[in-house]
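First the structure, in the form of structure tokens, and then the observations on it.
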Amino acid sequence: MRLVAQSQTVAVAESVTCGWLQTRLGSISGASRFFQGGITAYQWLGEVRLLDVDPMHARKVDCVSALVAEQMAQTVARHFAADWGLATTGYAEPDAAKEIDDPFAYVAIWRRHGDLRQRQVKSHRTGAVIGNERGNAMASQGQVVWLDRISVAGSREEVQREIAARLLAEFAGRLAADERR
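Take a look at the structure:
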């Protein structure tokens, strides 16, 4: 995986995809070397509390907007001290009560600027070095590098899988472009 070659990490915030991104990333051999973790927050309260989504805006848009996706991506990267944050929010099926005719999602890719500070983690009992820890001193320094609205047709599961696949394809393209620089 390009993330390993570039010594970078990723974290994921999901709503509409309900864990598909985490499943795809976690199924890659060596995922523990680049995948920091994720948060699946399907309801309004979870997105606001766990992912620092602006509550006033979230109420107005039912937690589905470009701004919500952006906030989710940045926050999940900060929570997991990751170099990249990926996020999805949207509707996996039509909802007549909300006047949603076709499934769609807002997706975001957030990227940290600068290096994270690393420090050695030592065992409390033996004092031996057991790993490295990445601090989030620069967690807010970054930007959204891709933000889009994706429309997808199909069953609920097909919609969720396709949104995850498109976001991961865009992410892979961004990593490949970085590698060429």
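Using the numbering used here, you'd call the opening residue of the sequence shown number 94 and step up by one each time.
By construction, the Cβ of each residue, glycine as well, lies at the ideal position given by its N, Cα and C atoms.
Computed from a prediction, not measured in an experiment: that's the story for all the values here.
Query, Result
"Coil, strand or helix - Glu280 by DSSP", "What is shown of the chain runs 94 to 274, which leaves residue 280 out entirely."
"Assigned exposure category for Val146 - 16 Cβ within 10 Å defines buried", "buried"
"Stretch-stretch touch, CB-based, cutoff 8 Å, three pairs: the region 189-197 with the region 111-129", "no"
"Under the three-state DSSP convention, the category Phe264 falls into", "helix"
"The beta strand (DSSP E) enclosing Glu192, as first and last residue numbers", "First-last for Glu192: undefined, no H or E at that position."
"Candidates Leu260, Glu251, Asp241: closest to Gln115 by CA position", "Leu260"
"Pair within 7 Å by beta-carbon distance, Thr110 and Gln253", "yes"
"For Gly119, three-class secondary structure by DSSP", "helix"
"Own chain residues within Cβ distance below 8 Å of Arg152, not counting five before or after", "Trp137"
"Counterpart residues of Gly199 in DSSP-defined beta bridges", "It should be pointed out that residue 199 corresponds to Tyr in this sequence rather than to Gly. DSSP, once it has assigned bridges, lists Thr182, Arg242 as partnering Tyr199."
"Distance, Val157 Cα to Ala190 Cα", "15 Å"
"Beta-carbon separation (whole angstroms), Val141 vs Pro148, contact threshold 8 Å", "5 Å"
"Endpoints, beta strand (DSSP E) assigned at Gln129", "128-133"
"Beta-carbon separation (whole angstroms), Val200 vs Ile256, contact threshold 8 Å", "7 Å"
"Distance between Arg95 and Arg249 (C-alpha atoms, nearest Å)", "31 Å"
"Where Val103 sits in the DSSP three-state scheme", "strand"
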